[in-house]
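Structure, as structure tokens:
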Amino acid sequence: MLRGIYTRSQLRGLPLRGCSANACRTKARPLGGRRGSALKLQQRWESSSVSDVPKAATAAIPYSEMSVGVPKEITPLEKRVAQTPDTVAKLVKLGITVNVEAGAGEASQCSDKGYEAAGANIVGKDKVWQSDLVMKVNPPTTEEAALLESRAIMSLFWPAQNKELLEQMAKQGATVLAMDQLPRTLSRGQAFDVLSSQANIAGYRAVLEAAHHFDRFFAGQTTAAGRIPPAKVLVLGGGVAGLAAVQTAKNMGAVVKAFDVRPAVKEQIESLGGEFLEVDLQEDGSGAGGYAKEMSKEWFEAAERMLAAEMKGIDVVIGTALIPGKPAPRLITEPMVHSMKVGSVTVDLAAATGGNIATTRADEVYKTPNGVTCIGYTNMTSRLANTASTLFSNNVVKLFSSAGPFSTG
0 MLRGIYTRSQ LRGLPLRGCS ANACRTKARP LGGRRGSALK LQQRWESSSV
50 SDVPKAATAA IPYSEMSVGV PKEITPLEKR VAQTPDTVAK LVKLGITVNV
100 EAGAGEASQC SDKGYEAAGA NIVGKDKVWQ SDLVMKVNPP TTEEAALLES
150 RAIMSLFWPA QNKELLEQMA KQGATVLAMD QLPRTLSRGQ AFDVLSSQAN
200 IAGYRAVLEA AHHFDRFFAG QTTAAGRIPP AKVLVLGGGV AGLAAVQTAK
250 NMGAVVKAFD VRPAVKEQIE SLGGEFLEVD LQEDGSGAGG YAKEMSKEWF
300 EAAERMLAAE MKGIDVVIGT ALIPGKPAPR LITEPMVHSM KVGSVTVDLA
350 AATGGNIATT RADEVYKTPN GVTCIGYTNM TSRLANTAST LFSNNVVKLF
400 SSAGPFSTG
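Throughout the sequence shown, residue numbering follows numbering that gives the first Met the number 0, covering 0 to 408 in sequence.
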């Protein structure tokens, strides 16, 4: 993980692909221990794709001479912002100049006045991208990357999906810290884990969206007028988003079942009150870094048979299963959806990468001929923009602060 603050001349000398592809690890120690000073970095690069291994870099830019830029997100349907007034105040306290683009936090209920009260400068777009370090939610567009020139950026980047952008930024000498490439299994890195903090929100919101479109109670009701059975919910995937969906649906009174290729998540699902569905064919889907791996054809055939039998009694399906750098696994077929009852709902958090459910259409909500509502929002996290921005900005600032003289590791 990158731990340090570089001068502009040093940034120009660092190869982008090494950092953004999570190919660099660093060992850092304080440079003299002076408040506001940066760190002396010793870098070890471990990537077969990086041929030019740089020498260790010594950074000595005081916080008081550093500027951080927070641009307005321009990705369609994006409402989050990389820094909130609360985290801006923490950066300003370190002596850093913070430039926030006018209106950057408006969609997430963070006003320009709030940023100014926290000590930030409200500026135009060009001024933001002239900052030493830009903090952003989504990858920059090609136009934004050109404005960055040879400076630095911290954001989600998805290198495997943005190879051309990566090459462009490498050519112009920019430095990228891809937040999505940070190790998720290290205990110390959990404070920086934006993927988990955002996935938790997405899983929670997915259940709320399903409940909104479902024309019955989630919880069972017994009244003088009669008995209403609880909704039956199936969650695909037992990662952070899946577990959040299981817990939320269970808290709302639903009967919850969950399915995952990794047997290790069974205990977690059951601890939240869900029933873990298992495939007869024994094959462990645990991959590197805590993610799921791609399964065999035989396993998918066995899983399809099991899910087809389950789907006839399911009211709500929440898809959360993803494979890093690859299309989402297709777990629910069209015939399965067509076997569901009228009024059922599917919500697919994997819509942006092909979907877990065959009937999903990215960024659309529609009904199938048999009356099943299919929801394919790709901005589920942005539908809780204020909370999502708060957690995202906390992750970013904690990672940034870990590079300073008060780092604990």
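Think of the CB as a built atom: it goes at the ideal place given N, C-alpha and C, for glycine as much as any other residue.
Because the structure is a prediction, the values reported are computed rather than measured.
Residues of the same chain with a CB within less than 6 Å of the CB of leucine 132, apart from the 5 flanking positions on each side, are Val67 and Ala151 in chain order. Residue environment for asparagine 355: buried (at least 16 other C-beta atoms within 10 angstroms of its C-beta). Looking at the DSSP output, aspartate 347 sits in a beta bridge with Gly318. For glutamine 220, the beta-bridge partners assigned by DSSP are Ile227. Straight through space, the alpha carbons of methionine 65 and threonine 332 are spaced by roughly 53 Å. Distances from the alpha-carbon of glycine 318 to those of Cys109, Asp347, Glu269 and Ala248 put Asp347 closest. Annotation: the continuous beta strand (DSSP E) that includes isoleucine 152 extends over 151–154.
Contact between the region 160–180 and the region 93–102 is absent: fewer than 3 CB-CB pairs across the two stretches fall below 8 Å.
Pairing serine 107 with serine 388, the inter-Cα distance amounts to about 7 Å. Under DSSP, lysine 256 takes part in a beta bridge, and its partners are Leu233 and Glu274. Pairing glycine 353 with arginine 329, the inter-Cα distance amounts to about 8 Å. Between leucine 235 and valine 316, the C-beta gap is smaller than 8 Å, which places the two residues in contact. Two segments are said to touch when three or more pairs of C-beta atoms, one from each, lie closer than 8 Å; by this definition the region 238–251 touches the region 183–202. Here leucine 76 is exposed: its Cβ has fewer than 16 other Cβ atoms, across all protein chains shown, within 10 Å.
Pairwise C-beta distances place the region 79–97 in contact with the region 117–135, as three or more of them are shorter than 8 Å. Looking from the CA of valine 371, the closest CA among Leu398, Lys340, Glu208 and Phe299 belongs to Lys340. When rounded, the separation of the alpha-carbon atoms in lysine 231 and glutamate 297 is 28 Å. Rounded to whole angstroms, the gap between the alpha carbons of glutamate 277 and alanine 198 is 24 Å. For alanine 177, DSSP records a beta bridge to Ser154. According to the DSSP secondary-structure assignment, asparagine 98 is paired through a beta bridge with Gly68 and Asn120. Cβ-Cβ separation between methionine 134 and alanine 81: approximately 4 Å, consistent with a contact (criterion under 8 Å).
With a contact defined as Cβ atoms closer than 8 Å, leucine 233 and lysine 256 qualify at about 5 Å.
Within the same chain, and ignoring the five residues on either side of alanine 361 in sequence, the residues whose Cβ sits closer than 7 Å to its Cβ are Ala350, Ala351, Gly375 and Thr377. Secondary structure at methionine 379: coil, using DSSP grouped into helix, strand and coil. In terms of Cα proximity to phenylalanine 399, the closest of Ala177, Tyr114 and Arg79 is Ala177. Counting along the chain, the unbroken beta strand (DSSP E) around valine 133 starts and ends at 132–134. Contact annotation, valine 254 with proline 229: C-beta distance approximately 5 Å; criterion of less than 8 Å satisfied.
Put simply, of Val206, Lys311 and Ala169 the residue whose alpha carbon is nearest the alpha carbon of alanine 144 is Ala169. In this structure, the CA atom of alanine 320 is about 41 Å from the CA atom of alanine 116. Under the criterion of beta carbons closer than 8 Å, valine 136 and arginine 79 qualify as touching, at roughly 5 Å.
Counting the other Cβ atoms within 10 Å of the Cβ of serine 270 gives fewer than 16, which makes it exposed. Residues of the same chain with a CB within less than 7 Å of the CB of lysine 311, apart from the 5 flanking positions on each side, are Ser338 in chain order.
Residue pairing from DSSP places lysine 366 in a beta bridge opposite Thr372.
According to the DSSP assignment, isoleucine 200 belongs to the alpha helix (DSSP H) that extends over 193–212.
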